[in-house]
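See below for the structure under consideration.
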Amino acid sequence: MSNEAVQPYQRIVQDYREKILLGRLAAGAKLPSTRELSEEYRVAPGTVQRALSELRAAGLIYSHQGRGSFVRDTKSDTDADPTTRAIKALESQVAELSARLDKIEKGRDG
467 MSNEAVQPYQ RIVQDYREKI LLGRLAAGAK LPSTRELSEE YRVAPGTVQR ALSELRAAGL
527 IYSHQGRGSF VRDTKSDTDA DPTTRAIKAL ESQVAELSAR LDKIEKGRDG
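So the sequence shown is numbered by this note's numbering: it starts at 467 and just counts up by one.
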């Protein structure tokens, strides 16, 4: 799926999911601030917040009020519980399919 075929928040989710799962961001690493991500991706802060919510729901990050968002130790979580890993993968796929469906539906209405 190309970056043009997804919602802006999904692009952030995909980028950070890849960075985390490929080990480019280690467990405990701090993610850039909402403001920094907004500037980097040229999106509104609300779009960044939606992306961070998706990453939290997928169990890839956790957030501390006033401190920021951090990479969760996914190895220990996913290795210990294959069912949880499968559910998270399905949630991710559903989110991506929903974004694609939204784009298709908007194309019909426009």
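Built from N, CA and C at the ideal position, the CB exists for glycine as well.
I'd like to know whether the C-beta atoms of residue i and residue j end up nearer to each other than 8 Å.
i	j	result
Gly532	Ser499	no
Ala517	Val479	yes
Ser529	Val514	no
Quick check on residue i: buried or exposed, where buried means 16 or more other Cβ atoms within 10 Å of its Cβ?
i	result
Arg538	buried
Ile553	exposed
Ile570	exposed
DSSP has residue i in a bridge; who is on the other side?
i	result
Lys485	DSSP lists no partner for Lys485.
Val537	Ile527
Lys569	In DSSP, Lys569 forms no bridge with anything.
Lys554	According to DSSP, Lys554 bridges with nothing at all.
In chain order, what residues of the same chain lie with their CB nearer than 8 Å to the CB of residue i, ignoring the 5 residues before and after it?
i	result
Tyr482	Leu491, Leu497, Ala517, Leu521, Leu526, Ile527
Glu506	Pro498
Since residue i and residue j are thought to touch, with beta carbons under 8 Å apart, how far apart are those beta carbons, to the nearest angstrom?
i	j	result
Ala565	Gln473	5 Å
Ala495	Phe536	7 Å
Quick one: what's got a C-beta closer than 7 Å to residue i's C-beta in the same chain, skipping five residues either side?
i	result
Glu557	Ala523, Ala524
In chain order, what residues of the same chain have a beta carbon less than 6 Å from the beta carbon of residue i, not counting five sequence neighbours either side?
i	result
Glu502	none
Tyr475	Thr513, Arg516, Ala517
Glu484	none
Ala493	Val537, Asp539
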